[in-house]
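J.: Its first residue numbered 393, the first sequence is counted upward by one per residue in our numbering. Every residue, glycine too, gets a C-beta built ideally from N, C-alpha and C. Can you read through this structure? Questions will come right after.
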Amino acid sequence: MWKDEKFIAFDFETSGKKPEYALQPWRLAQGKSWATSFVWARKKPKGWEVHGGLQPTNAMMREMLQTAIDEDLTIVGWFTIFDIQWLIAYGFYDMVMKCKWLDGGHLWRHYFLEPEYDLDRSKKKSYRLKDCVREYLPDEGDYEEGIDFHADSPEARSALHKYNIKDVKFTYRLARHFYNQLEPNQQRAALLEAACLPMVAKANFDGMLVDTLVAHELQAVCDQVAAMKLEELAPYGMTEKIVRSHKQLSKLMFDDWGLPVYKTTTTKKGEVNRSTDKETLHELAFIDKRAKTIKEYREALNNKTKFANAPLISAEYNGDGKTRPSAIVFGTYSGRMTYSSKQGEGKEERPIGFALHQMVRGPAYRSTIIAPPGYTLVEFDAAGQEFKWMAVACKDDTMLELCQPGEDAHSYMGSRITHMDYQDMIRLVHEGDKVAKAGRQLGKVANLSLQYRTSANKLRITARVQHNIPMDEVQARFIHRTYQQTYRGVPQYWEKQIAMTRRLGYVETFGGRRVQVVGEWDGRLGWSMGSTAINYKIQGTGADQKYLALAVIRPYLVQIGGYFGWDLHDGLYLYIPDAKVQKAVVEIGKLLNNLPYARAWGFTPPIPMPWDCKVGKSWGGLKEWKEH
DNA sequence: CTCCCTTGCGCC
DNA sequence: AAAGGGCGCAAGGGAG
C-alpha cells in the first residue's frame, strides 16, 4: 500500500522564446527555453506541504532532490520523463540518478489498460493528466481553462503557479489511487518499469549524435538510386509524382501498361482499390521487370525522407547537431517503448527526431548515428527473445530443449522441413554448405512466422516477399503442418491461453503486467481478442524483461559514467566511456545473463536467457563482441 | 489552407 | 471463410 510519508509529487511549467520551445528542455542551454514555475508537495496528516515557486531557482530543485535522497522518498510526476529532463537541464543529473521515480500516467495505464482492437475506434485513449482529472475527479472541472503559459503579467504568473500546484496535487492523488488499485504483482511490475525513468529522461535530453557527412552521402546515394530507377521507367510514363501516389501508380500500371490486377482492397466507403503494395510488385516482377524497378524506386524515395533527411533536419532544428527521437515508456499496450520523431500536432508539428524504431537495417542507414566523442556504443540483445518466452509459456519439450546452449532451433526446424538429419545440418551449415544454409533459412522463417496463428498462405507471402524464397501453396501448407507437429505445445498454448483469458478477463505476463481483454469472444473481434491473449503474454514479458534489465544495470552504468542510449524492443543500446568498454561489457553481460527473475517476478524461467553483445563507434558499425 | 482518411511500409 | 501482434510515419486525395 501507498504510504504518504514515502511519496512526493512534482511538476514544472515552462516557456521559451517560441511557445514550442517550452517542450524542449535542451534549449535551456541555448537560452531559448526555461522553467516558469516549479512545485513539489507532500501530504502530511494535517494537510498539504507545498514547496517551490515562480521563476524557480536551483535551490528549490536541490531541496526537493535532497529531501527525497535523505528521506528515501519516491518522486511522482505525470509523464515524469519530461519533468526529469528539466532537472537534468538545470544540472542535477547526479542527484536525479540517486532518486526513485514514479509516473502517475503509467500507473493509470497499468490499472486501466485495454488494447485497441476496434479499428473504428481510431481515436486512441489519451492519458494526459487533464483527461484523468476529468474522468476521475469530475468536480474539479476544466481547471486548465484560461491559463496562459507564456504571459508575463503578475496576474497571469500567479494563476500559472496556482495551476502548477493543482497539477501536483492531482498527480499525487491520482497516482496514489491507481497504485492502490493494482494487485501486488502489478505494483511490482510498475515499480520495476519506473526504474528506467531517469535513464530515459537523460537519453531524450541528450539525443543522438548525427554524422552529418555520412547522412549527406546517404542522401546522395538515395538520389542516385532514385534517378537511375526513374531513368529506366520514364520512357513508360513514370514520374516521381506518380510513384508517390498509389492511385496514380495503379492507373499507370493497370490501365496504361495493362498489367494484370494482382489483388484489390475495399475501403470503408466501398471503393475498390487495385493494390500497388510490395507483395503486388514482387509478384508482378515475374511477368514484368518494371515492377521490381518501381519497388526499388519507391523504396529509395521513402527511405531518403525518413532516414536520411529526418536525422539531418532534426539535428539542424534542435540546434545542437543532435537528433531526438522521443522515447515513450509504455508506449504500446504490451509495455514496449515507442519513439516519436515529432513534437506537437498538425501545423504545430516540430521535427525533433526520426522514426528510430523503423530505421532500415544495415550499415548504410544506421551509420548516420554515432556515439559521442569519448564513448563507445554497446548493444545488448536478448537472443531469440520471443522464441524463448514462447517455449517457456507453452512448455513444449522440443522448444525448451532447443533453448539450451549449443542447440540451433532454426537448423532443427530446417532439418524437419527438408528431411535432413539435425546434426548433419548444423555441421553442413557450419561448413558453409549452400543447400543446408537454405534449409536453415526455411527453418528460421518458419520459427519466426508461425509462432503465432499465421496461416500457411501468409507464410508463403512472407517467405516470397520478405525473404525472396520461392514457395508455393503446397510447400507452405507442408511447412505450416510440420511446425505444428514439431512444437505440439504451441497450438495447445493458443487454446489454453484463450480459454484462460476468457475466464479471467485479462492476460498476465510473467512479470505481472496485465491487459484487460473483455468483449464478445464469438463476435466480430473474437479473433483479435484471441490474438491478444496469445501474443501479449510473450511480447509483454519481453517488455518486462527489458525493464528489469534496465533496473539492474542502472547502478553499474552510473558507477562507470555510462548512459542508456535507446531501445529497440529486444535490444538495449548503451554509451560506455571508451576506457571502460572492455570491463563494462563483461560486467554488464554478467548482470544481464543472470537477471534476478525470481526475486523480481516470483518466477524462474527454466531455460537460460542469454544476451548477445555488439560494440562499435556507430550504430551501423557494431561488431560482435567476443571474450578473449 | 488545414484536417482527416486511406494506403503502404519500416522495425521488432 | 479466414484471420499473427505491436507501433509511427509519409504521402496523396478529398472534405470543408
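1) Are the beta-carbon atoms of A692 and C614 separated by less than 8 Å?
2) With DSSP as the reference, label M630 as helix, strand or coil.
3) If I measure Cβ to Cβ from H674 and keep anything under 6 Å in the same chain, skipping five residues before and after, which residues do I get?
4) Using 10 angstroms around the beta-carbon of A925, count the other beta-carbons present and answer buried if the total reaches 16, otherwise exposed.
5) P417 and L601: beta carbons closer than 8 Å?
6) Report the option in G904, S425 and F504 whose CA atom is closest to the CA atom of E374.
7) Rounded C-beta distance between A401 and V560? I'm assuming under 8 Å.
8) Pull up the CB-CB distance for V882 and Q843, whole angstroms please, since I reckon it's below 8 Å.
9) For the region 560 to 624, list the beta strand (DSSP E) runs that are entirely contained and at least 3 residues long, ordered along the chain.
10) Could you name the residues of the same chain whose beta carbon sits closer than 6 Å to that of G1008, not counting the 5 residues immediately before and after it, in chain order?
11) Determine the extent of the beta strand (DSSP E) in which C1005 is found, giving its start and end residues.
12) Check S841 in the structure and name its three-state DSSP category.
13) Which residues bound the alpha helix (DSSP H) around F870?
14) Taking I890 as part of the alpha helix (DSSP H), name the residues at either end of that continuous run.
15) Specify the secondary structure class of K395 as computed by DSSP and reduced to three states.
16) Let me know if F404 comes out buried or exposed under the rule of 16 or more other beta-carbons within 10 Å of its beta-carbon.
17) In whole angstroms, what separates the C-alpha of G711 from that of I705?
18) Is the beta carbon of I720 closer than 8 Å to that of S1040?
19) Could you give the first and the last residue of the continuous beta strand (DSSP E) run that contains Q908?
20) Assuming the contact rule is C-beta atoms closer than 8 Å, I762 and D603 should be a hit. Round their C-beta distance to whole Å, please.
21) Do A801 and F779 count as a contact pair if the criterion is CB distance below 8 Å?
22) Taking only three categories from DSSP, how would you classify K734?
23) Helix, strand or coil, according to DSSP, for P947 in the structure here?
24) Which runs of the alpha helix (DSSP H) at least 4 residues long sit entirely within the region 772 to 813? Give them in chain order.
25) State the DSSP-derived secondary structure class of G408, mapped to helix, strand or coil.
26) Less than 8 Å between the beta carbons of A830 and L851, yes or no?
27) Is it right to say V909 is buried, meaning 16 or more other beta carbons lie within 10 angstroms of its own, or is it exposed?
28) Could you round the C-beta distance between W493 and L566 to whole angstroms and report it? I think they count as a contact, below 8 Å.
T.: Taking the definition as stated:
1) yes
2) coil
3) Within the same chain, H674 has close Cβ partners V857.
4) Burial call: buried.
5) No, the pair does not count as a contact, with Cβ atoms beyond the cut-off.
6) Within the shown structure, residues of the chain are numbered from 393 to 1020, placing residue 374 beyond reach of any answer.
7) 5 Å
8) 7 Å
9) Listed in chain order, they are 600 to 602.
10) L769, L1014 and K1015
11) W1003 to G1008
12) DSSP places S841 in helix when its eight states are reduced to three.
13) E865 to T878
14) G881 to L896
15) K395 sits in coil when the DSSP states are folded into three classes, being neither helix nor strand.
16) Looking at its Cβ environment, which holds 16 or more other Cβ atoms inside 10 Å, F404 is buried.
17) 10 Å
18) Residue 1040 is absent from the structure shown; the chain starts at 393 and stops at 1020.
19) R906 to Q908
20) Under the criterion of beta carbons closer than 8 Å, I762 and D603 qualify as touching, at roughly 5 Å.
21) yes
22) Looking at K734 - three-state DSSP - the assignment turns out to be strand.
23) helix
24) 777 to 786, 789 to 794 and 801 to 810
25) strand
26) no
27) It is buried - the Cβ of V909 has at least 16 other Cβ atoms within 10 Å.
28) Contact annotation, W493 with L566: C-beta distance approximately 16 Å; criterion of less than 8 Å not satisfied.
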